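J.:
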Amino acid sequence: MLDPEERWRLIDKLARETVEYGADRSTIGSVLAELTVKPLTGIPFALAVLYGFWGFFDAFAGFFTDGFFVPLFDDHWLPWIQNAFPLKGSWLYYILVGDPEAVNSFEALGMLTSGVFVAIGVVLPAIVAFYLIITILEDSGYMPRLAVLVDTVLHKIGLHGFAVVPMILSLGCNVPGVASTRTLETKKQRFMMMILLSVFIPCGAQLGVMLSLIPEFFGYIMIYLLAGFFVFGWILNRLIPGRSPEIITDVPPLRIPTFKNVSRKLWVKVKGFFTNAIPFVLLGVGLVNLLYLGGVISWLANSLEPLFTGWFGIPKETVAPLIAGFLRKDLAVAQLSAIDMSGFQLITSVVIISIYFPCIATFSMIIKEGRNSGGVIKVLGGSLLTLITVVFLWGGLLHLIGILLGVA
Amino acid sequence: MTILLMGHPNVGKSAVFNRLTGANITESNYPGTTVDFTEGYAFIEGEEYKIIDVPGTFSTEPKDEAEKVALDILAEHDDPIVIVVIDSTKVERGLYLAFEVMERGYRVLIDLNMWDDAEKHDLEIDVCQLEKILGVPVVPTVAISGKGISTLVENVPSASRTDIGELREKITNL
């Protein structure tokens, strides 16, 4: 083996003989590429990009969900299946169809009504819109530029700019988000990031349901969750031993995403949604209905009532969506619609659903990745401890804020 | 027979992999897209090769979990062919990794990817001379459009080992 110095010397000489550099011309692309990383121009550009993409997400998902799927399900599918399905009043009817009197598909709570509606009508358009955006962010080469811009901010919580990549991927789905923490250098950073992502970053499916169900509260919820990300990031950074090294990264040239690659990635995600996500949504609806019939839900609701109403200030019935949330967060948020509560309680409930526990898919990914970053027991123990603390503090604080504002 | 695709982050290894195997793994324009390895198969001149898309790595000294995965794969396989994928606009640093792999005695084939970018920058690389000096095949490609991939495939069987002592002498005498 050569030593590095000699290796570089040889390569230098070899390159001088075989490579000839031309004059570097600046093009519109390279000028734009330069402007996107300079803070003075880059930050307004980043805000414009994020706002533009957000507008697209909102418009796209809104168009398909409100414009097409809501009328389709509420006016046609729901009334039809409520009448056509036999055995009204039986437990099977309850599990599959749900409430025979329901007039909207969110509130019917059957597998074939709410389950199919949430999966296809609400989450599918959101997933398509979101992955289209994420793919364009990925393929254009904009992600590392965003990383450069937010580097200073993320250093305050012991991370560095590149942590923005797992954050953005988690906005699509927490599972690849957690996997992508592998590019972080130290165990401390990976551990922190896995926790913060799985607790505070809602996934695209959940965002889709939130947007459709409670667009008026959307901003508040996101701000409260992001604030939690930074507050607990700051605390974890001080508590967890380990280093947070600086990074040096390449910023690739901006490229125009190719239609082929974008459509291919989108197809892979949509296929994954049909095979991995939809079964879980349906399973979640079925499971909660079974637990209702078995009396488990009302028993849990009654025993947890002091905690729910006393500490968090939310109705005890919220326990059912929280159970569904183990399987799918999107479903959990959707199930809140059937519970009678105030606006502030709704905000609190959505926050609690987001932070109380990662969905099962994310949880298994944390276990899998934990093996490579300090051992499963340590990572899992640490995660659970952090999780419980976060839920009580951050959930309780929101209740307190509500009391102080006089709305809770 | 196993082929490993190795190279720095964001040089297009996954794009080459998709071209070689017809797979659909994620390609993106940022370093660190691939954090785990993916396997696929390709028939080359009547022989079946297992092809592995290895996470990007700067050198054979790992600095994060994804690079550790990369080096474990290199160590795990018995005498694989290593296609070192290089960003044509950043030849020197790509060669650094290629040297490290050649020094370890692996059979190497060099893929100068993103050749179109090099052309855009008026960068001229003397592929023939590079090939002659290094003693391994060097193939320019544009993986996202598929250009040069068939030449790359044709050259897989001629991937070869380089005697580092001889290489040192050849370069010093240039």
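So the protein lines, in turn, are chains P and Z. Counted from 1, the first sequence has number 111 at position 112 by numbering that gives the first Met the number 0; the numbering is strictly sequential. Counted from 1, the second sequence has number 164 at position 165 by numbering that gives the first Met the number 0; the numbering is strictly sequential. The beta-carbon is built from N, C-alpha and C at its ideal position, and this holds for glycine as well. Keep in mind it's a predicted model, so treat the numbers as computed, not measured.
From Z:Val-84 to Z:Pro-156, what distance separates their C-alpha atoms?
T.: For Z:Val-84 and Z:Pro-156, the distance between alpha carbons rounds to 17 Å.
J.: Curious, which full-length alpha helix (DSSP H) runs of at least 4 residues does the stretch 117 to 171 of chain Z contain?
T.: 126 to 133, 148 to 154, 163 to 171
J.: Suppose the cutoff is 6 Å on Cβ atoms and the five residues either side in sequence are ignored; what does the same chain contact list for P:Pro-136 look like?
T.: The sequence given here places Leu at residue 136 of chain P; Pro does not occur at that position. Correct list, in chain order: Met-142.
J.: Can you list, in chain order, the residues of the stretch 25 to 37 of chain Z whose Cβ is nearer than 9 Å to any Cβ on chain P?
T.: Result list: Thr-25, Glu-26, Ser-27, Asn-28, Tyr-29, Pro-30, Gly-31, Thr-32, Val-34, Asp-35.
J.: So the beta strand (DSSP E) Z:Tyr-40 belongs to, where does it begin and stop?
T.: 37 to 43
J.: Do we get a CB-CB distance below 8 Å when we pair Z:Asn-112 with the residues of chain P?
T.: Z:Asn-112 does not count as touching chain P.
J.: Taking the beta strand (DSSP E) that Z:Tyr-48 belongs to, which residues open and close that run?
T.: From DSSP, the beta strand (DSSP E) with Z:Tyr-48 extends over 46 to 52.
J.: Restricting to Cα atoms, I'd like to know which of Z:Met-5, Z:Ile-72, Z:Leu-3, Z:Lys-131 is closest to Z:Leu-166.
T.: Z:Lys-131
J.: When you compare each of Z:Asp-35, Z:Tyr-48, Z:Glu-91 to Z:Leu-70 by their alpha carbons, which one comes out closest?
T.: Per the Cα distances, Z:Asp-35.
J.: Cβ closer than 9 Å: which chain P residues qualify as neighbours of Z:Asp-125?
T.: Glu-16, Thr-17, Val-18, Glu-19
J.: How many whole angstroms separate the CB atoms of Z:Leu-73 and P:Lys-12, which I take to be in contact at a CB cut-off of 8 Å?
T.: The pair is not a contact, with the Cβ atoms about 27 Å apart (cut-off 8 Å).
J.: What does Z:Lys-62 reach in chain P if we use C-beta pairs closer than 8 Å?
T.: Counting only Cβ-Cβ distances below 8 Å, Z:Lys-62 has contacts in chain P at Glu-184, in chain order.
J.: Whole alpha helix (DSSP H) runs in the stretch 55 to 101 of chain P with 4 or more residues, listed along the chain?
T.: 77 to 83, 90 to 95
J.: Secondary structure at Z:Asn-9, three-state DSSP: helix, strand or coil?
T.: Correct three-state label for Z:Asn-9: coil.
J.: Chain P partners of Z:Arg-167, CB-CB under 9 Å?
T.: Leu-1, Glu-5, Leu-9
J.: Could you check which residue in Z:Gly-55, Z:His-7, Z:Gly-147, Z:Asp-78 has the C-alpha nearest to that of Z:Ser-159?
T.: Z:Asp-78
J.: With a floor of 4 residues, list each alpha helix (DSSP H) that falls wholly inside the stretch 249 to 316 of chain P, ordered by position along the chain.
T.: 258 to 271, 277 to 292, 295 to 304
J.: Would you identify the three-state DSSP class for Z:Thr-1, choosing helix, strand or coil?
T.: Here Z:Thr-1 sits in strand by DSSP.
J.: Just to confirm, is the Cβ distance from Z:Val-135 to Z:Leu-111 under 8 Å?
T.: No, the pair does not count as a contact, with Cβ atoms beyond the cut-off.
J.: Using the Cβ count rule (16 or more neighbours within 10 Å means buried), how would you classify P:Arg-189?
T.: Under this definition P:Arg-189 is a buried residue.
J.: 8 Å is my cut-off, CB to CB: does P:Val-409 come that close to chain Z?
T.: In the structure as shown, chain P begins at 0 and stops at 407. Residue 409 of chain P is therefore absent and cannot be evaluated.
J.: Secondary structure at P:Asn-236, three-state DSSP: helix, strand or coil?
T.: helix
J.: Starting from the Cα of P:Phe-161, find the closest Cα among P:Ala-125, P:Ile-246, P:Tyr-130 and give me that residue.
T.: P:Ile-246
J.: Helix or strand or just coil, what does DSSP make of Z:Glu-66?
T.: helix
J.: My assumption, with CB atoms under 8 Å, is that P:Gly-21 sits in contact with Z:Asp-121. Please give the rounded CB distance.
T.: 2 Å
J.: Is Z:Leu-94 closer than 8 Å to P:Ile-10 when the C-beta atoms are compared?
T.: yes
J.: Short of 8 Å in beta carbon distance, which residues of its chain neighbour Z:Ser-58, apart from the five on each side in sequence? Order them along the chain.
T.: Tyr-95, Leu-96, Glu-99
J.: Report the rounded CA-to-CA distance for Z:Met-5 versus Z:Asn-28, giving the unit in angstroms.
T.: 17 Å
J.: So which residues on chain Z does P:Gly-140 lean against when the C-beta distance must stay under 9 Å?
T.: The contacting residues are Asn-9, Ser-27, Asn-28, Tyr-29.
J.: Is DSSP giving P:Val-18 helix, strand or coil here?
T.: If DSSP states are grouped into helix, strand and coil, P:Val-18 belongs with the strands.
J.: Counting only beta-carbon separations shorter than 8 Å, does Z:Tyr-95 have a partner in chain P?
T.: So, interface residue.
J.: Would you kindly report the start and end of the unbroken beta strand (DSSP E) that includes P:Ile-27?
T.: Counting along the chain, P:Ile-27 falls outside any beta strand (DSSP E), though it belongs to the alpha helix (DSSP H) covering 27 to 34.
J.: So Z:Ile-24 and Z:Glu-38 are in contact, right, with Cβ under 8 Å, and what is the actual spacing, rounded?
T.: That pair is no contact at about 10 Å.
J.: With C-beta atoms as the reference, is P:Phe-325 less than 8 Å away from P:Ile-359?
T.: yes
J.: Taking all protein chains shown into account, decide if P:Thr-385 is buried (16 or more other Cβ within 10 angstroms of its Cβ) or exposed.
T.: Buried.
J.: Residues of chain P with CB under 7 Å from Z:Asn-23, in chain order?
T.: Arg-263, Val-267
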